[in-house]
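First comes the structure, then the notes that go with it.
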Amino acid sequence: MRILAFGLAALALILMLCISGCTSQSPQTVTTPVPTTSPPTVQPTPMTTQQAAPSLTGTTWYLVSLNEGDASLSTKPGTTITAFFDAQGKVSGSAGCNQYTASYEATIAGLSIGAPASTKMNCNEPAGIMTQETVYLSAIQGAATYSLSGDTLTIKDSGGKALLTYSTVPPYQMTPAPLTGTMWYLNSYVDSKGKPWTTGSANPISIQFADDGKVSGNAGCNSYSGTYTITGNSISMSGFATTLMYCGEPGVMDLESSYLGVLPIMKVYTISGNELTLSDGVGKITLVYDTTK
28 MRILAFGLAA
38 LALILMLCIS
48 GCTSQSPQTV
58 TTPVPTTSPP
68 TVQPTPMTTQ
78 QAAPSLTGTT
88 WYLVSLNEGD
98 ASLSTKPGTT
108 ITAFFDAQGK
118 VSGSAGCNQY
128 TASYEATIAG
138 LSIGAPASTK
148 MNCNEPAGIM
158 TQETVYLSAI
168 QGAATYSLSG
178 DTLTIKDSGG
188 KALLTYSTVP
198 PYQMTPAPLT
208 GTMWYLNSYV
218 DSKGKPWTTG
228 SANPISIQFA
238 DDGKVSGNAG
248 CNSYSGTYTI
258 TGNSISMSGF
268 ATTLMYCGEP
278 GVMDLESSYL
288 GVLPIMKVYT
298 ISGNELTLSD
308 GVGKITLVYD
318 TTK
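In our numbering, the protein residues as written are 28 to 320.
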């Protein structure tokens, strides 16, 4: 009986363990919540493109002014003179009437241009176009150096004097510089006897017209001031006063005296692009300024 009771007790214990194992909880799966905030989006930085500055080659250059002797002359209205330097050593373009081509060699040290060949047309208008063409085709052969500044190409002779000044914009498509508020620098001066004067290098001659009717500038050595009135393209200047300094650079005081003497008799002004011309109205005396110091 004791053996039977022990067996029944052992069987009961086994059944209890089985029931306990069957009713134990299953392991729980822990899920990690998905974040609701999206990661920051990296925006690509837009690339900025800068327009390359014009180079000597591959650019159509429009002549703005040319020097004949000591006088600087603007291209005549109604004419277009161009120069295009290719990468094979040829320069070509319009000389105003005829097309031309020439060989050239450009180095860091300088620029040389050979004798141009051109077509043989004759143009009658505007007046002086053929003379201008002859001067241009002669001047271009004097090239010794060149410089680039923004949209401007300047070809100079062996002495560093500007022969030809070009722009990437046709001169008569330029927005004219305003008469007032602009500092104008004398480029060339031809007196009543037809004598061209060369401006001094120490102090460039300048003139500036203010909105209140006052005119001022530097005459090469001394500063000056006066008054002016304009009606259309007519101009009148008077009441000049100057400082009383003396400058020893040869020719400066003579040029200053002559320059100050003709200002009161200037009667007409014209502006073409960045160039101002004052004249006596009959073509004997001309003062040509531009905005380049």
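We put the beta carbon where it would ideally sit given N, CA and C, even for glycine.
| Query | Result |
| --- | --- |
| Option in Thr318, Ser92, Ala129, Leu314 with minimal Cα separation from Pro223 | Leu314 |
| Coarse secondary structure for Val309, derived from DSSP in three states | coil |
| Cβ-based burial, Lys241 [other Cβ within 10 Å; buried from 16] | exposed |
| Residue span of the alpha helix (DSSP H) that contains Ser165, given as start and end | 156 to 166 |
| Limits of the beta strand (DSSP E) - the one that Val118 falls within | 117 to 121 |
| Local conformation of Leu35 per DSSP, three classes | Low confidence applies here, because Leu35 scores a pLDDT of 48, under 50, leaving its location unreliable and the question unanswered by this model. |
| Unbroken stretches of the beta strand (DSSP E), 3 residues or longer, contained in the stretch 90 to 142 | 98 to 101, 109 to 112, 117 to 121, 126 to 133, 138 to 140 |
| Residues near Ala237 by beta carbon distance below 8 Å, same chain, minus five either side | Thr207, Gly208, Ser243 |
| Option in Gly85, Glu95, Thr107, Pro81 with minimal Cα separation from Asn214 | Glu95 |
| C-alpha gap between Thr87 and Thr195, whole angstroms | 6 Å |
| Start-to-end residues for the beta strand (DSSP E) that takes in Tyr286 | First-last for Tyr286: 279 to 289, but that is the alpha helix (DSSP H), not the beta strand (DSSP E). |
| Buried versus exposed call for Gly278 [16 or more other C-beta atoms within 10 Å across all chains shown] | exposed |
| Residues sharing a beta bridge with Glu302, DSSP | Ser299, Asp317 |
| At least three beta-carbon pairs within less than 8 Å, the stretch 282 to 296 to the stretch 181 to 195 | no |
| Beta-carbon gap between Pro231 and Tyr216 smaller than 7 Å | no |
| Rounded straight-line distance, which links the Cα of Thr172 to that of Ala129 | 16 Å |
| C-alpha gap between Ser119 and Ile182, whole angstroms | 15 Å |
| Met148, buried or exposed, once every other Cβ within 10 Å from all chains shown has been counted against 16 | exposed |
| Asn245 - partner residues in DSSP beta bridges | Ser250 |
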